[in-house]
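One structure below.
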Amino acid sequence: MGYVTEKKVSYVVGGSSGIGLATTKQLLQQGKTVKILSRNAEKLKAAKMELGTFKAGSVETRVVDLQNFSDVEALIGSIDIETRHIEQFVNAAGIFAPKSFLEHSVEDYDRYLNLNRAIFFIIQSVARNMIMNGGGAIVNIGSIRVLQAMKNIPSAACSMAKAGIHSMTQHLAMELGQHGIRVNAVAPSVVVTPIYNEFIEERKVNDTLADNFDTLHPLGRIGMPNDIANHIIFLLSDKANWTSGAIHVVDGGVMAGRR
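Count along the sequence shown from 1, add 4, and you get the number used in this note's numbering.
Shown next, in the form of structure tokens:
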């Protein structure tokens, strides 16, 4: 199917901070028009001001609470009538609230379940746009916790949700490849992002993670948002045009073996 529009846009869910923000910066440096989505209006406003310094591209914002399905449905409605080609989509949304398996409540579990449901149906709408316009690239953020459990960070519900993201990535690669849509994921280890603000004071996140997890990584340090964004940008690019259904482990060497 041929292109219905020459205008293009990239969507980044969770683009106001952390890995999503780092990815957005690199897309803007390439001259892309990027639409970032987040539930926090203040963070979106601050991100837009910061991103305004990247003159090569342009940034748009939208407040979306992925825990509120009426918000998700409104976003899907806007994607369904998007007049531009969504050539790139990045799912950088995440929750991380570690609790032991025996302490988890239904409400704790549902936060992860709701997030995955939202992403599933948002990508469904994005895929329809890509099909109409000749294809595109989708990148999800998973986790190495799907591949290896860490006793000192109890993550049963989070890892169950991320396992779903890994599996969905592979299944969508199979289903959507015929339409010129590539679907991949990155699986990071410990990376300094605001996701840890849920249980670590914001100003202490970097030092706390470094003190506890630098030595976990054979390369001797925890990750930074750009470490992951670099791989996302590669997977979005034409340099990865024969890569789909891949789960790229970006972990400072953690999965190489055991200490």
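Glycine residues also receive a C-beta, built at the ideal position from the N, C-alpha and C atoms.
Go ahead and label residue i buried or exposed: buried means 16 or more other beta carbons lie within 10 angstroms of its beta carbon, across all protein chains shown.
| i | result |
| --- | --- |
| Lys36 | buried |
| Asp231 | buried |
| Met134 | buried |
| Glu182 | Contrary to the premise, residue 182 reads as Gln rather than Glu in this sequence. The residue is exposed, with fewer than 16 neighbouring Cβ atoms inside 10 Å. |
| Met172 | buried |
| Ser129 | buried |
| Pro192 | buried |
| Thr28 | buried |
| Lys155 | exposed |
| Gly213 | The residue asked about is misnamed: residue 213 is Leu in this sequence, not Gly. Leu213 is buried by the Cβ-count criterion. |
| Ile85 | exposed |
| His175 | exposed |
| Asp255 | buried |
| Asn144 | buried |
| Pro222 | exposed |
| Ala177 | buried |
| Ser82 | exposed |
| Val110 | exposed |
| Ala78 | exposed |
So, at 6 Å on beta carbons, what are the nonlocal neighbours of residue i in its own chain, with the 5 sequence-adjacent residues on each side left out?
| i | result |
| --- | --- |
| Ile123 | Asn95 |
| Ala141 | Gln92, Arg186, Leu240 |
| Pro198 | Ser21, Gly22 |
| Gln71 | Asn118 |
| Gly330 | Residue numbering for the chain in the displayed model covers 5 to 263; residue 330 lies beyond these limits and cannot be assessed. |
| Gly24 | Val16, Gly18, Ala96 |
Consult DSSP for residue i and reduce its assignment to one of helix, strand or coil.
| i | result |
| --- | --- |
| Phe93 | strand |
| Leu48 | helix |
| Ser82 | helix |
| Glu10 | coil |
| Leu41 | strand |
| His108 | coil |
| Arg149 | helix |
| Ile135 | helix |
| Arg225 | coil |
| Thr173 | helix |
| Ser129 | helix |
| Gly140 | strand |
| Ala189 | strand |
| Glu64 | strand |
Let me make sure I understand the geometry here. Which of the options has the alpha-carbon closest to that of residue i?
| i | options | result |
| --- | --- | --- |
| Gln194 | Arg66, His252, Glu64, Val258 | According to the sequence shown, residue 194 is Val rather than Gln. The shortest C-alpha separation from Val194 is found at Val258. |
| Gly139 | Gln152, His89, Val38, Ser109 | His89 |
| Met164 | Asn245, Asn137, His108, Lys39 | His108 |
| Leu151 | Ile226, Gly168, Leu32, Thr57 | Gly168 |
| Asp75 | Leu55, Ala161, Met228, Arg43 | Arg43 |
| Asp112 | Ile85, Glu179, Ala161 | Ala161 |
| Gln269 | Phe58, Leu25, Gly18, Gly24 | Any answer about residue 269 is impossible in this case: the structure gives the chain only from 5 up to 263. |
| Gly146 | His235, Arg262, Ala78 | His235 |
| Asp69 | Ser104, Glu54, Arg121, Lys103 | Arg121 |
For residue i, which residues of its own chain have a beta-carbon under 8 Å away from its beta-carbon, when the five flanking residues on both sides are left out?
| i | result |
| --- | --- |
| Asn242 | Residue identity check: residue 242 is Asp in the sequence provided, not Asn. Excluding sequence neighbours, Asp242 sits near nothing in its chain. |
| Ala153 | Ser159, Ser163 |
Quick one: what's got a C-beta closer than 7 Å to residue i's C-beta in the same chain, skipping five residues either side?
| i | result |
| --- | --- |
| Ala250 | Asn188 |
| Gly184 | Gly138, Gly139 |
| Ala131 | Leu180, Ile185 |
| Gly224 | Asp218 |
| Ala45 | Val67 |
| Arg115 | Gln71, Ile99 |
| Lys49 | none |
| Ala260 | Pro222 |
Am I right that residue i and residue j are in contact with their C-beta atoms under 8 Å? What's the rounded C-beta distance?
| i | j | result |
| --- | --- | --- |
| Ala51 | Ser20 | 4 Å |
| Arg66 | Leu41 | 5 Å |
| Ala101 | Phe238 | With 8 Å as the limit, Ala101 and Phe238 do not qualify as a contact, their Cβ atoms being about 30 Å apart. |
| Val209 | Asn201 | 7 Å |
| Glu64 | Lys47 | No, Glu64 and Lys47 are not in contact; Cβ-Cβ is about 15 Å, not under 8 Å. |
| Met228 | Val196 | 6 Å |
Kindly indicate if chain B contains any beta-carbon less than 7 Å away from that of residue i.
| i | result |
| --- | --- |
| Ile80 | Of the protein chains in this structure there is only one, and it is not chain B. |
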